[in-house]
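Novice: Following this message is one structure expressed as C-alpha cells.
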Amino acid sequence: MKLPLLYLLCSIKSAVGSPLSTSTAISSADFNSLLQGANFAAAAYCDSNTKAGSKSVTCTGTGSDICPQASGATILGTFSNSGAVGYVARSGNNIVVAFQGSKSGKQFLDDFNVFQTPVDFWCSGCQVMGAFLNDWEVVSTGIIATIKQALVGHANSPILVLGHSLGAGVATFAAVDIQGNFTSSPVTLLSYASPRLGNQAWADWYTANGPKISKIYRVTHHKDEVPQIPHKSSYNSVWRHFGPEYYITKEDLSPAQSDIVMLAEQESDLGIDGKPGNITNHLNDPTEHRNYMIHLSGNTGC
Ligand SMILES: *[C@@H]1O[C@H](CO)[C@@H](O)[C@H](O)[C@H]1NC(C)=O
Ligand SMILES: *[C@@H]1O[C@H](CO)[C@@H](O)[C@H](O)[C@H]1NC(C)=O
C-alpha cells in the first residue's frame, strides 16, 4: 500500500509556540521559486536596473554578481514614483515586475504611513494600508501597459510580481490588478518581509484567494521584526496578515529547502514569538530583514 503523499508532507510539527503552528515541508519547486524571486527582488535595489533607459538587469555593483538568477534579464520598462520604484523585465518565458524596498531606515519610516483606506472594489468591508496602495496606483497604468506590450507574441507568459519590505507591500496590491487584467497569464506573487497590510476582511479575502492569483508566497524570516508591524491592533485599526506564510527558520544565510516551512494559518506568531515588532530594534539590527534567501541589499544599493 502506498503512503499518501500528504502524510509525508505533513510530518513536521512545531514544538514551541502557542497556538501550535502546523508546518508543512516545502517542495523543491517552491524553494527554487523563492530563490529566483529573491534574486529579482535584490536586483530592484540596484539603481542601474531602475533608471530610465536601462537595457538589462545587472547585479555587479560591488564587484561580484549578487543576483545571478536575475542578471541578463531584458528590461522592458522602469518606474520611479515615491514609494514605487522598480522594473519590468523578461527572463526566459517569464515577465517579472519587481518593486524596490526602502533603501534606508529613515525612508522606511517616511513611507510607513499607517492609515487604512477602503478597497470595496476588491472586497466588501476591506481596508488596506493607504500609502502602499497609493504607491501602486501612481504607477499601475504604465506597468499594465508595459505588460500588455510584452505579451504581444508571447500570450499567456507567466508573470512574477515581487518585492521586499515596502516593495513586498506594493507588490501584494499590484498582483491583484495584474492578475485581474491578464487572466490567461498565471501570476505568482513573491512577497518577502512584508509588514501587515490590511484589516481582517482584507486578510480573509486574500487568504481565500479572492484575487485568484495563481500562486502566492508570503515569506518571513526568523526574528525579522518587520512582518510584526503594524501591531495587530494599532493606529485605530485592526491589522492582519493573509496566509499561508513561508517561514525561513534559519537565522543565517543561506537557507536550505529543509530550513523553510509553510505555515497554513494567517498569523503564525512565530518570528519574535508573537510579540509586537519593535521598529527601533529593527533599525538597530536589520540583518534578518535583509537576508531572505540571499542578501537583499537596501542601504548601499547594489
Ligand atoms: C487592471 O488594472 C487597473 C490598474 O491599472 C485596475 O484599476 C483595474 O481594476 C484592473 N482590472 C481588473 C479587471 O482587475
Ligand atoms: C524597543 O527596543 C529598544 C532597543 O532597541 C528599547 O529601548 C525599547 O524599550 C523597545 N520598545 C519596546 C516597546 O519594547
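Under mature numbering (1 follows the signal peptide of the UniProt record, and there is no 0), the residues of the sequence shown are numbered -17 to -1, 1 to 285, in order.
Just so it is clear, CB atoms sit at the ideal spot from N, CA and C, and this is done for glycine as well.
Quick caveat: nothing in here was measured; it's all calculated off a predicted structure.
(1) Just to confirm the assignment, what range does the beta strand (DSSP E) spanning glutamine 249 have?
(2) Nearer than 8 Å: is that true of the beta carbon of threonine 263 relative to any heavy atom of ligand 2?
(3) Okay, do the stretch 253 to 265 and the stretch 202 to 220 touch, 3+ Cβ pairs below 8 Å being the bar?
(4) DSSP state of tyrosine 189, grouped into three classes?
(5) Just reading off the beta strand (DSSP E) that leucine 180 is part of, what are its end residues?
(6) Counting Cβ pairs, one atom from each stretch, are 3 or more of them under 8 Å apart for the stretch 134 to 149 and the stretch 79 to 87?
(7) Mind listing, in chain order, the residues whose beta carbon lies closer than 6 Å to a non-hydrogen atom of ligand 1?
(8) Would you give the residue range spanned by the beta strand (DSSP E) that threonine 129 belongs to?
(9) Tell me the rounded alpha-carbon separation between threonine 166 and asparagine 192.
(10) Give a yes or no on whether the C-beta atoms belonging to serine 63 and valine 40 are separated by under 9 Å.
(11) Can you name, in chain order, every residue of its own chain whose Cβ lies under 6 Å from the Cβ of isoleucine 199, other than the five neighbours on each side?
(12) Looking at ligand 3, does it come within less than 8 Å of asparagine 274, judged from the CB to the closest heavy atom?
(13) Can you grab the Cα-Cα spacing for the pair glutamate 234 / asparagine 182, in whole Å?
(14) Tell me whether the beta-carbon of isoleucine 212 lies closer than 9 Å to the beta-carbon of tyrosine 275.
(15) Which residues does DSSP pair with glutamate 228 in a beta bridge?
(16) Shortest alpha-carbon distance to alanine 247 belongs to which of Glu271, Val202, Gly108 and Cys50?
(17) Any chance the CB of asparagine 267 is under 8 Å from a heavy atom of ligand 2?
(18) How would you write the range of the alpha helix (DSSP H) that histidine 272 sits in, first residue to last?
(19) Quick one, which of Thr33, Thr129, Ser237 and Trp222 has its alpha-carbon nearest isoleucine 277's?
(20) Below 9 Å between beta carbons: does that hold for valine 71 and threonine 155?
Specialist: According to the structure data:
(1) Run containing glutamine 249: none; DSSP gives neither H nor E here.
(2) yes
(3) yes
(4) helix
(5) Note, leucine 180: premise wrong, no beta strand (DSSP E); not H, not E.
(6) yes
(7) Ser123, Thr124, Ile127, Asp160, Gly163 and Asn164
(8) Run containing threonine 129: none in the beta strand (DSSP E); it sits in the alpha helix (DSSP H), 113 to 133.
(9) 14 Å
(10) no
(11) Leu172
(12) With respect to small molecules bound, the structure shown includes ligand 1 and ligand 2 and not ligand 3.
(13) 29 Å
(14) no
(15) Leu246
(16) Val202
(17) yes
(18) 270 to 273
(19) Ser237
(20) no
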